[in-house]
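In what follows, a structure is listed as structure tokens, so that the remarks can point back to it.
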Amino acid sequence: MTFPVNWQTRRARFSFTRRDVRGADAPLASATKDGVSLRSDLEFSVWNPDSNISNYKLVEPDDFVIGLRSFQHGISHSAVRGIVSPAYTVLRSAGNLEPRFFKHYFRSSLLISHLANITQGIRQGQAIDIEAFQNLPMPVPSLEEQRRIADFLDAEIARIDLLAQKRQAQQSLLDERAYAHVSETLIPGILTHPLGRGSWPWLPAVSSANPLVRLGYICRIQNGLTVDGKRDVTGEVLTRPYLRVANVQAGYVNLDSVTEITVPRAVASRSTLRPGDVLMTEGGDLDKLGRGTVWNGELPNCLHQNHVFALRVDESRLDGHYLALMTQTVHGRCYFESTGSRTTNLASTNSSKILSFPVPLPSVAKQQALVKEMNTKLDCVRRAKERLTTQLDLLSERRQALITAAVTGQFDISTASGRNVTDGVTA
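Residue numbers (the working numbering): 59 to 485.
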């Protein structure tokens with residue numbers, strides 16, 4: 059790519075120096091796609107294999123950090139003082155550079171494409187070849203121009219990010235609306251008139267038309283395969299696809315990655331899924347525990363892991379889709395969250411607790427009518443969320459295109475408003 063004729067071009071080694079200060083008294087920090095953050099401020103936990111952090115590197119405000127994910131999201135700018143893993147490379151500008159300009163340049167698609175070409179290793183934990191990085195040519199406009207571009211991008215990116223936050227908030231509101239819809243449709247009064255007493259205090263008064271029936275009386279559980287190296291694969295065997303916990307999500311089955319397994323024919327026959335089975339996982343995040351989805355026979359002769367429960371309903375009394383929706387109501391969430399066994403990060407249930415789940419049981423015809431009504435409402439929510447997702451994707455594309463166009467001089471910042479300035483430019 060060519061830059062404006064009045065811009066200098068320098069190799070990275072002449073603009074940034076490697077910094078290697080160790081043993082500093084500072085809090086732990088990590089390089090993320092949003093920049094360098096103190097670990098105490100992150101909403102997720104970061105694995106730290108070393109109890110001895112004396113070898114960790116000091117990073118200070120306006121330093122830059124090359125991490126193991128830089129080939130995906132660029133080089134991280136630091137706004138904090140902390141210590142980072144010795145696997146990271148810390149960079150500091152050599153002077154006469156505006157850090158905010160390079161904060162944006164190091165996240166541009168141009169720089170990321172360069173980094174992707176100088177990685178070492180495979181898959182997880184690819185490292186940037188630092189010598190190759192130091193030889194990369196970089197645009198260096200005048201300091202005044204760097205600051206103008208940084209000011210422009212700071213304002214425009216903040217505007218785009220605010221729009222994205224509002225769209226994400228709208229998606230969350232739609233999720234809450236769906237949750238309320240399914241709860242109140244299947245169990246009228248659960249949001250407004252819970253009894254507040256008894257075994258299930260979140261439920262409203264139970265009518266004779268909708269008696270509570272424990273799940274064990276109207277369905278049975280099929281056990282899945284125990285996957286280990288000791289299983290018998292002699293005699294007549296079959297190779298079949300099988301579902302793992304990762305395939306069973308809240309309200310749908312994810313078939314992007316399905317594993318095959320070889321087992322004896324007799325074992326396969328005991329763990330084969332049938333269309334109409336309701337799938338639940340044994341463990342996971344507490345708020346997702348016990349959420350069900352219906353298997354519609356997407357893969358013929360598919361088996362399932364022992365950590366995935368297959369519930370086979372008595373179709374004369376219970377509709378599988380009604381049961382799957384019931385697990386997504388306030389009643390389903392309260393039951394499984396209150397009965398789940400918890401560890402530090404995960405929760406689990408078991409077949410006894412699942413079979414003890416009390417289900418309001420109208421006639422099958424009424425169940426099917428409720429499912430039809432609910433699916434219509436959920437389809438409206440799904441379409442609205444898809445439109446918001448499309449808008450978020452477009453905002454992300456515009457954000458990246460705007461950054462790349464600005465830091466490579468593809469338009470004049472002094473006359474740009476941020477709108478339509480990326481027409482005809484490349485990201």
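In this text, a Cβ means the ideal position worked out from N, Cα and C, and glycines have one as well. All figures in this text were calculated on a predicted structure; none of them were measured in a lab.
query	result
What does the alpha-carbon distance come out to for the pair E318 and S166?	40 Å
Compute the Euclidean distance between the alpha carbons of Q425 and S98, then round it to the nearest angstrom.	48 Å
Look at the alpha carbon of Y310 and the alpha carbon of G350, and state the distance between them as a whole number of angstroms.	8 Å
Between S88 and V142, how many whole angstroms is the CB-CB distance? I'm expecting something under 8 Å.	7 Å
Label I180 either buried or exposed according to how many other C-beta atoms from any shown protein chain fall within 10 Å of its C-beta, with 16 as the threshold for buried.	Residue placement at I180 is poorly supported in this model, since its pLDDT is 49, which falls under 50; the coordinates still yield a value, given next. So I180 ends up on the exposed side.
Assign I392 to one of three DSSP states: helix, strand, or coil.	In the sequence as displayed, the identity of residue 392 is Cys instead of Ile. Three-state DSSP puts C392 in a helix.
So L376 and V429 are in contact, right, with Cβ under 8 Å, and what is the actual spacing, rounded?	L376 to V429, Cβ: 11 Å. No contact.
Leaving aside the five residues before and after S374 along the sequence, list all residues of the same chain whose C-beta is less than 8 Å from its C-beta, in chain order.	V422
Which residues in the same chain as I279 place their Cβ atom closer than 8 Å to its Cβ, once the five residues preceding and following it in sequence are excluded?	F367, A368, L369, R370, S409, I412, L413
By the DSSP assignment, the alpha helix (DSSP H) with E202 in it spans what residues?	201-244
Can you check DSSP and say which residues form a bridge with I279?	L369
For Y275, count neighbouring C-beta atoms within 10 Å of its own C-beta (all shown protein chains included) and say buried if the count is 16 or more, exposed if not.	exposed
Which residues does DSSP list as the beta-bridge partners of I141?	L86, L116
Checking the sheet assignment: what are the DSSP bridge partners for L296?	V321
So what does DSSP say about H131, is it helix, strand or coil?	helix
Taking the C-alpha atoms as reference points, what is the distance between L344 and L313?	23 Å
Measure from the alpha carbon of K443 to the alpha carbon of each residue in H135, E234, E294, I176, then state which is nearest.	E234
Determine which residues share a DSSP beta bridge with R150 and list them.	T75
Mind checking whether L253 and A263 have CB atoms under 8 Å apart?	yes
Measure the alpha-carbon distance for N407 versus S399 and round it to whole angstroms.	At residue 407 the sequence reads Thr, which differs from the Asn that was named. Roughly 6 Å between the two C-alpha positions.
Looking only at its chain, what residues have a beta carbon closer than 6 Å to the beta carbon of Q204, apart from the 5 residues adjacent to it on each side?	E156, F159
If you count every other CB in all the chains shown that lies within 10 Å of the CB of Q66, and 16 or more means buried, which is it?	exposed
What does the alpha-carbon distance come out to for the pair D92 and L221?	17 Å
Measuring alpha carbon to alpha carbon, tell me which residue in R332, V148, Y237 is nearest L126.	V148
Once DSSP output is grouped into helix, strand and coil, what is the label at M196?	strand
Going by C-alpha to C-alpha distance, which of V123, H389, A82, K115 sits closest to V94?	V123
Hey, how far is the Cα of C360 from the Cα of L452?	38 Å
Rounded to whole angstroms, what is the Cα-Cα separation between F72 and S151?	9 Å
How would you call R391, buried or exposed, if buried means at least 16 neighbouring beta carbons within 10 angstroms?	buried
Classify T387: buried if its beta carbon has 16 or more other beta carbons within 10 angstroms, exposed otherwise.	buried
State buried or exposed for D372, treating a residue as buried only when at least 16 other CB atoms are found within 10 Å of its CB.	exposed
Go through its chain and collect everything with a Cβ distance to I471's Cβ below 6 Å, but skip five positions before and after it.	R206, I207, F210
Over what stretch of residues does the beta strand (DSSP E) that includes T67 continue unbroken?	66-69
Beta-carbon within less than 8 Å of R69's beta-carbon, same chain only, minus the 5 sequence neighbours each way: which residues are those?	Q192, N193, L194, P195, M196
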